[in-house]
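Input: a single structure, listed below in structure tokens.
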Amino acid sequence: MASPVVDVYVKLPSGKATCIKLLPTDQVRKISEYLSKQEEVPERYIRLKYQGKVLNKSHTVGYLGVCAETILKGEIMVPKDINVMVKLPDGHVEMVQVKTTDDVSEMKQKIRSKIKSSPPDFTVQLGPNSPELREGILLDLGITDECQIELKERSKCDTKSIYGTHDNVDGKEDNVDDPEKRQELFSTFNAAGRHVEVVFSFDTTGSMYSYLTKIRQKLRESCERLFRDIPNIRVGIIAHGDYCDYNNYVLKYIDLTSDVDTLVHFAENVPCTGGGDTPECYEWVLRKSQQLDWSEDSAKALVVIGDCEPHPPSYTDQSINWHVDLERDGSQGEQSNFLYAKHGVMVYGVQAYQKQSSQQFYEELADHTGGYYLHLRNFDLITDMFLAVCYREADPEQLQAYVAEVEQEGRMTEETKTFLDKLEMPRMDVVESENRPKRYVNAPWWDPSLDTNRIIQCEYVQETDSWRPKQVMRRESSTTYPVNPIRIRADGSAAPTRKSSKRSGIQRLFCFAS
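One point on numbering: in UniProt numbering, the residue at position 502 of the sequence shown is 502, and numbering is uninterrupted.
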């Protein structure tokens, strides 16, 4: 008889993964308790997600449909002091300091302690048309620094309704816990404050590193502004070199978060890469971005900033075809994770400099997913683009307000106006592949039928989430050699040698891939 025990894997933002054996009847809280001991943090600071949704810790593993080898995403919330502006029934506003990891009951207790004139029993909500905040962590509820909440005295009728019923004029019982009635009630609330998730991918090779250098100068200021203006936004950052940078890093990322300190620390400490010659590993960016913590019910965007084209499928043992990773119709089979079809991520293709041979790549990224193609010649404008994209995903009216601000401050250059005008245009619907603009580039990275190379250059090491040169082995011995030897530059970065040695020629005759 098969054991009911299931192996549940939990992956933390650091990349560390843990396997926990659980019964279907075990509560999710058992996972967070295990992680809290392992990471030496309070259990309440552990947040678990499955398929983009925060898990209720009181539910059982079986209830949530968690099966063998399910991968959950774990987050460790860092408590931060924030100031909440509390609007009282008389219109007066008081400031109360709370922590992002406080729950609603703790926030209400702090309000009572600070504001002596507060009613003995009251409700709190984010706005006049918003539902009452009854439970949950403030960070999950979108309460950020200087966020305003409204305090209302709870009436006798409200007190009864908490327990499910209240007297009606026609003598009928009105159950507010009824799912249909609750959904009808929620549909009347203002839905403008939707959740927004934006990931920015920076090429850190050569001169492209200047874009990340520029944005880090004002990253803290920009993020604090965004989290204040868009309470439900999360931001992520990807930094990548190329496969030949395996001794340094090929790709690093910080997953979607609303923690400013985490984003700033990552951006300030990620180093430059060498990259060698073109192309760069943009196809790996598209593949890895599918593993980020995207939510189901949010507006999602991936902003790919680069200056050249991706590798052809034959370059690595993963055979990555970037067209397939964007496809929306599932025609390539069940095994592919399509960025748009599965996750609903719209891609912004942001081309730096003026390399015409790669322009169609960035245009195609946008057309495949309903995103935007933007051309940035001046890296000084990267911060404006960073803010504008986030406002565009949140609400077109917020983008319009930002455009007006740029004009009033006299910062509206011709290039700034060009990309802001493009962002203000209505988003085009994603069309089926047969109706999409027909582009073609006569190169292996675009057309796989031209990719006749049979020598894999790099291989992926899944255990360490890293890359290395593809190893080959001579038949008469167990000695292994790189297919394409790697040369080390003066700065310590690695790049493929342009010239083959005699031995590598002999290897191609007498060796086979390991």
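The C-beta atom is built at its ideal place from N, Cα and C for all residues, glycine as well.
Check: Residue range of the unbroken alpha helix (DSSP H) whose run includes Ile-455; Outcome: No alpha helix (DSSP H) holds Ile-455; DSSP gives it neither H nor E.
Check: Inter-stretch contact (C-beta, 8 angstroms, three-pair minimum) for the region 303 to 317 and the region 198 to 205; Outcome: yes
Check: Residues near Arg-154 in its chain [Cβ-Cβ closer than 7 angstroms; skip 5 each side]; Outcome: Asp-121, Phe-122, Thr-123
Check: Arg-220 vs Val-260 beta-carbon contact at 8 angstroms; Outcome: yes
Check: Extent of the continuous alpha helix (DSSP H) to which Phe-266 belongs; Outcome: 260 to 269
Check: Segment contact flag, the region 311 to 320 with the region 349 to 360, C-beta cutoff 8 angstroms, min 3 pairs; Outcome: no
Check: CB of Val-84 within 8 angstroms of CB of Cys-147, strictly; Outcome: yes
Check: Residue span of the alpha helix (DSSP H) that contains Met-107, given as start and end; Outcome: 104 to 114
Check: Cβ distance (whole Å) where Ile-31 is taken to contact Val-10 below 8 angstroms; Outcome: 6 angstroms
Check: Closest residue to Glu-397 among Phe-379, Val-198, Leu-420, Glu-33 (Cα-Cα distance); Outcome: Leu-420
Check: Contact the region 405 to 414 vs the region 235 to 242: 3+ CB pairs below 8 angstroms; Outcome: no
Check: Paired residues, beta bridge with Lys-87 - DSSP; Outcome: Val-93, Glu-150
Check: Coarse secondary structure for Glu-283, derived from DSSP in three states; Outcome: helix
Check: Environment of His-323 [buried if 16+ CB atoms lie within 10 Å]; Outcome: buried
Check: Touch test, the region 285 to 303 against the region 40 to 47, Cβ-Cβ under 8 angstroms, three pairs minimum; Outcome: no
Check: Same chain only: Cβ atoms within 7 angstroms of Thr-262, ignoring 5 sequence neighbours per side; Outcome: Ile-254
Check: N- and C-terminal bounds of the beta strand (DSSP E) containing His-195; Outcome: 195 to 203
Check: Whole-number beta carbon distance between Leu-423 and Ala-388, since they are thought to touch under 8 angstroms; Outcome: 6 angstroms
Check: Start-end ranges of the alpha helix (DSSP H) lying completely within the region 215 to 252, minimum 4 residues; Outcome: 219 to 229
Check: Under 8 angstroms between C-beta atoms of Val-198 and Ile-149; Outcome: no
Check: Local conformation of Ser-466 per DSSP, three classes; Outcome: strand
Check: Assigned secondary structure, Ser-130 (DSSP; H/G/I helix, E/B strand, else coil); Outcome: coil
Check: Contacts around Glu-180, its chain only, beta-carbon distance under 7 angstroms, and the 5 residues preceding and following it disregarded; Outcome: At Glu-180, the pLDDT of 43 sits below 50, so the modelled position is not reliable; the number obtained from the coordinates is stated separately. Result list for Glu-180: empty, nothing under 7 angstroms.
Check: Reduced DSSP category for Asp-255 - H, G, I as helix; E, B as strand; rest coil; Outcome: strand
Check: Proximity of Lys-152 and Pro-89 at Cβ, strictly below 8 angstroms; Outcome: yes
Check: Beta-carbon proximity of Ser-112 to Ser-118, cut-off 8 angstroms; Outcome: For the record, residue 112 in the displayed sequence is Arg; it is not Ser. Yes, the Cβ-Cβ distance between Arg-112 and Ser-118 is below 8 angstroms.
Check: Sequence-distant residues of its chain with Cβ nearer than 6 angstroms to Val-96 (five each side left out); Outcome: Val-84, Val-86, Lys-110, Ile-111, Lys-114
Check: Contiguous alpha helix (DSSP H) assignments of at least 4 residues, all confined to the UniProt domain "Ubiquitin-like" (6 to 66); Outcome: 29 to 39
Check: Cα-Cα separation between Gly-15 and Asp-465, rounded to whole angstroms; Outcome: 9 angstroms
Check: Simplified DSSP assignment, three categories, for Val-350; Outcome: strand
Check: Buried versus exposed call for residue 515 [16 or more other C-beta atoms within 10 Å across all chains shown]; Outcome: Given that the chain is displayed from residue 1 to residue 514, the structure contains no residue 515 and the question cannot be resolved.
Check: Classification of His-240 by the beta-carbon crowding that lies within 10 angstroms, buried from 16 upward; Outcome: buried
Check: Start-to-end residues for the beta strand (DSSP E) that takes in Val-304; Outcome: 298 to 306
Check: Host beta strand (DSSP E) of Gln-125 (start-end); Outcome: 122 to 125
Check: Cβ-Cβ distance between Glu-415 and Asn-378 below 8 angstroms; Outcome: yes
Check: Limits of the unbroken beta strand (DSSP E) element including Leu-376; Outcome: 373 to 376
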